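Protein chains in written order, with the working numbering: chain A, 73 to 328; chain B, 443 to 892.
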Amino acid sequence: MIEIRQLQVAVGEQLILRGVDLEVGAGEVHAVMGPNGSGKSTLAHVLAGMPGYTVRSGQAQLRGVDLLSMEPEERAAAGLFLGFQYPVEIPGISNLQLLKEALNALRLRRSEKPLDAVEFLALVRKRGRFVRMPEELLRRGVNEGFSGGEKKRNEILQMAVLEPRLAILDETDSGLDVDALRIVAEGINALRTPGRSFLLITHYQRLLQHVEPDRVHILSNGRILCSGGPELARAVEEQGYEQLEEEASVDVGSVA
Amino acid sequence: MSAPALQAFDRAFQALHRRLPGAWFRERRATAFRYFQEAGFPGPELEGWRYTDPRAWLRLELEPAAVPVAAPPVLPDAPLEGREHDVLVFVGGHYCAARSRVGALPPGVRLAPLCQVLDAGRDEILAQALDDLPFVEGGADAGFSALNTALFNSGLFLRVPDGVRLERPVHVWHLEPEAAAGGPPRCAHVRNLCLLGRGAAACVYESYSSAAAPGSGAPKSLVNSVTQLRLEDAAELRHCKLLRCDAAAHLSYSCAQLGTRAHLHSCYFGRTEALARNELQVRLLGRAARAELNGLYSAAGNGRHACLAMVRHLQRETRGDAFYRGILYGAAHGIFHGAVHIEEHAAHSEATQSNANLLIGERSRAYTRPELHIHADEVQCRHGATVGRLDDASAAYLQSRGLDAVRARALLVRAFAAEAMERFRFPDLQDWLERHVPGGGLSSGALGIA
């Protein structure tokens, strides 16, 4: 689905990603974990084409297509979705209006017929069930006055309506209470299909208790330190990142 | 008098004033014109005109249309199309009977072009009403309103007697015709009068549009309008002014006087690529009178768009709310000047004033000047003013959802306008507003903002 090769990214003069290699196959769920400042959000943002980042070198291909040369909306049309850690609030445009604009913009790019109001509302009601989002909230401004949990559920709802090929969820679990976390996790699980891949960016293992990943990668200091199965996430929880980093530096040292 | 426009107005007055409607009103016009000759035009040396210098237009030899101008075969972009309403159409300042339509009215209601009312003979109430302007001769910047008194041809006359509530809205539609090729730039002086008796109610749309497409190279023209609204005790007026004259300068004074428990809900929606100055003065004369003033103004190109909202509280428990939003494209300037005066006897009054501006163009500017003058105890006043640009993070968020950069930014402009639009509360106008709102309408308009 996505193939990242030796990706180096800077913010201003500071190099944040120092050569990331990552590959996610179709239908797979991968988790990227790492301590604060390791570059997790930078990776998510740069893949989605958010402004403020400079790609120094490397490649990222989504289903064989060069992602890094595209505008953000072209990446969305190619099937990429970024669930934001801090979704913006936009009073004056309702969640429904944004969703309809977004969905029809994507359909137009794919040469599909735009949905009319009736078809659209039916779709949103159906998908809204995944995250138990009351319709009244959808008529409010985008994320306007939403709690942290409601904002994250709204991101999952958008994902459910826009049906991406690859969803990158940037710390979607942060700031969620136990119930909200379960609802978000159920939403993600409901959207797992053989044709859809996920990249879950997270600090902790708690989301991964509800959404079983196929692979776990530890990002540290701008590089993938190590990769493994779900047990790696549990090891992080038990030992902390520092221990892993130490072990990795010994490994690297011995190789050198 | 050095400016060509002053000389042109002088010639026009000499040539026209015997032919203008209302022979009995002639002397009053002559007095007003003498005042205008002495006072001249206000200019940037006056604080209220600092950012809206009309001199560029006054370098033109503006000619008032001496004879009625033919209406265009199709009236463009009708604001209340498909809605039941009465409409008076004016073209180039002249009444156009062929395009106007007034249905059966309740007894005692007078709805007519002002020229007909003037020609019907001396009318003391009318004479008094026409003179009842807070900015009549004497004020430093009364030049344009004096000129209006001297030269107006027609406009709205609406009188609703005590206790009568008009069911249908009234639309007074001023249309600037497309100028004949090579014809002179024109000037139209428009006077509107709306008098509501005790407990009367009406809804009035006052719109100005141009038959010339923006940027069509039509000669510049100027509209000088004065609108007077008088609400007796417990009267209710919903007044909505629409301005769509991109190539014409529009200078307007409106004044409203409200009696006890009278309620004015006033909205202004306008855009210009030229000069638009919209001044509204409200006097809350009776106890518990209330005025809600809302405005959404935009300007593009090198346009200058000014909104001045002055509310004077003269009695107890009065309330005034002014809410204005400006959107400035290109190198346009937006100007807001809001003033609240709470006089000595107006205890327990409330006033709010809010102005926010969105700068889209790199060279666009906003000037905002809130003023509060409080001379009474126990009053509540709030005001706030902001100037900002589109939020890049919000634009990026929308793009990440599939909207291209242009649409994302347009949607954010639309979002900024929404707060003002929600305050308009003119359901008959919703479709028209949706088509004209800065940022463009939403295909899903009905889904969200009710």
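We put the beta carbon where it would ideally sit given N, CA and C, even for glycine. All values derive from a computational prediction rather than experimental measurement.
Going along chain B in order, which residues have a C-beta closer than 7 Å to the C-beta of residue i?
i        : result
Gly151/A : Within 7 Å Cβ-Cβ: nothing; Gly151/A doesn't reach chain B, min ~11 Å.
Lys145/A : For clarity, residue 145/A is Glu in the given sequence; the question names Lys instead. By Cβ distance, chain B contributes Gln841, Gly844, Leu845 and Asp846.
Leu178/A : Gly844
Ala120/A : Ser842
Ala123/A : Here the sequence assigns Pro to residue 123/A, which means Ala is not the residue at that position. By Cβ distance, chain B contributes Asp834 and Ala838.
How big is the Cα-Cα spacing for residue i and residue j?
i        : j        : result
Val83/A  : Thr126/A : 6 Å
Leu304/A : Gly106/A : 12 Å
Leu722/B : Asn176/A : 42 Å
Ala447/B : Ser587/B : 15 Å
Arg719/B : Leu685/B : 11 Å
Glu505/B : Leu589/B : 13 Å
Tyr501/B : Glu609/B : It is worth fixing the name first, because residue 501/B is Arg in this sequence and not Tyr. For Arg501/B and Glu609/B, the distance between alpha carbons rounds to 45 Å.
Thr265/A : Ala116/A : 21 Å
Ala730/B : Ala781/B : 19 Å
Gly803/B : Pro123/A : 20 Å
Leu271/A : Ala103/A : 6 Å
Glu284/A : Val101/A : 8 Å
Leu673/B : Ser708/B : 13 Å
Ala716/B : Arg746/B : 6 Å
Ala457/B : Pro626/B : 17 Å
Arg856/B : Gln558/B : 42 Å
Leu210/A : Asn226/A : 9 Å
Leu234/A : Gly97/A  : 20 Å
Glu480/B : Ala474/B : 10 Å
His790/B : Ile784/B : 10 Å
Met142/A : Tyr839/B : 15 Å
Arg201/A : Ala835/B : 29 Å
Gly213/A : Asp528/B : 36 Å
Leu845/B : Leu180/A : 11 Å
Gly563/B : Leu462/B : 13 Å
Can you check DSSP and say which residues form a bridge with residue i?
i        : result
Pro555/B : Leu598/B
Pro549/B : Answer is none; Pro549/B lacks a bridge partner.
Thr126/A : Ala82/A
Gly274/A : Here residue 274/A is Thr; the residue named in the question, Gly, does not match the sequence. Partner(s): Met105/A.
Asn736/B : Cys709/B and Phe765/B
Asn666/B : His631/B and Leu693/B
Pro515/B : Beta-bridge pairing links Pro515/B to no other residue.
Arg719/B : Leu693/B and Ala748/B
Asp561/B : Bridge partners of Asp561/B: none, in fact.
Gln795/B : Ala764/B and His825/B
Ser836/B : Its beta-bridge partners do not exist; DSSP assigns none.
His779/B : Leu750/B and Arg811/B
Cys298/A : Ile290/A
Lys683/B : Glu648/B and Tyr710/B
Trp433/B : Because chain B here runs from 443 to 892, residue 433/B falls outside it and cannot be looked at.
Residues of chain A with a CB under 8 Å from the CB of residue i: which are they?
i        : result
Tyr391/B : Nothing in the structure corresponds to residue 391/B, since chain B is present only between 443 and 892.
Tyr839/B : Phe156, Pro159, Val160 and Ile162
Glu861/B : Pro163 and Gly164
Arg849/B : Glu173 and Ala177
So with CB distances below 8 Å, who are the chain B contacts of residue i?
i        : result
Ala174/A : Leu840, Arg843, Gly844 and Leu845
Leu170/A : Leu840, Arg843 and Leu853
Using a C-beta to C-beta distance shorter than 9 Å, which residues of chain A count as neighbours of residue i?
i        : result
Phe599/B : None at all; the shortest Cβ gap to chain A is about 39 Å.
Which residues in chain B have a C-beta closer than 9 Å to the C-beta of residue i? List them in chain order.
i        : result
Ala232/A : Ordered by position in chain B, no residue passes the 9 Å Cβ test against Ala232/A, which lies about 13 Å from the chain.
Ala148/A : Gln841, Ser842, Arg843, Gly844 and Leu845
### Query
Does the stretch 214–223 of chain A touch the stretch 247–265 of chain A, meaning 3 or more C-beta pairs lie closer than 8 Å?
Enough Cβ pairs lie closer than 8 Å, so yes.
#### Entry: Segment contact, 8 Å Cβ cut-off, at least three pairs: the stretch 274–281 of chain A with the stretch 177–196 of chain A
Short answer: they don't touch.
### Task
Kindly confirm or deny that the stretch 300–317 of chain A and the stretch 591–602 of chain B touch, where touching means at least three C-beta pairs closer than 8 Å.
Taking 8 Å as the limit for Cβ pairs, the verdict is that the stretch 591–602 of chain B does not touch the stretch 300–317 of chain A.
### Query
Is there contact here, the stretch 844–857 of chain B with the stretch 815–826 of chain B, by at least three beta-carbon pairs under 8 Å?
With a cut-off of 8 Å, the stretch 815–826 of chain B and the stretch 844–857 of chain B do not count as touching, because too few Cβ pairs lie within range.
### Task
Could you run through the stretch 256–278 of chain A and flag, in chain order, every residue whose CB is less than 9 Å away from some CB of chain B?
The residues in question: there are none.
### Query
At a Cβ cut of 7 Å, what residues of the stretch 288–309 of chain A count as close to chain B, listed as they run along the chain?
Taking 7 Å as the Cβ-Cβ cut-off, the stretch 288–309 of chain A has no residue approaching chain B.
### Message
Under 8 Å: do the stretch 671–682 of chain B and the stretch 863–877 of chain B share three or more Cβ pairs, one atom per stretch?
### Response
Segments in contact, yes.
### Query
Along the stretch 813–840 of chain B, what residues have a CB closer than 8 Å to any CB found in chain A?
Residues passing the 8 Å Cβ filter: Asp833, Asp834, Ala835, Ser836, Ala838, Tyr839 and Leu840.
### Query
Can at least three beta-carbon pairs, one atom from the stretch 764–782 of chain B and one from the stretch 726–742 of chain B, be found at a separation below 8 Å?
Segments in contact, yes.
### Query
Is there contact here, the stretch 686–695 of chain B with the stretch 468–475 of chain B, by at least three beta-carbon pairs under 8 Å?
With a cut-off of 8 Å, the stretch 468–475 of chain B and the stretch 686–695 of chain B do not count as touching, because too few Cβ pairs lie within range.
### Members of the stretch 851–878 of chain B that neighbour chain A once the beta carbon cut-off is set at 8 Å
Near chain A, meaning a CB-to-CB distance below 8 Å, the residues of the stretch 851–878 of chain B are Leu853, Leu854, Arg856, Ala857, Phe858, Ala859, Ala860 and Glu861.
### Query
Would you call the stretch 696–705 of chain B and the stretch 662–678 of chain B touching, i.e. three or more CB-CB distances under 8 Å?
With the cut-off at 8 Å, the stretch 696–705 of chain B and the stretch 662–678 of chain B touch.
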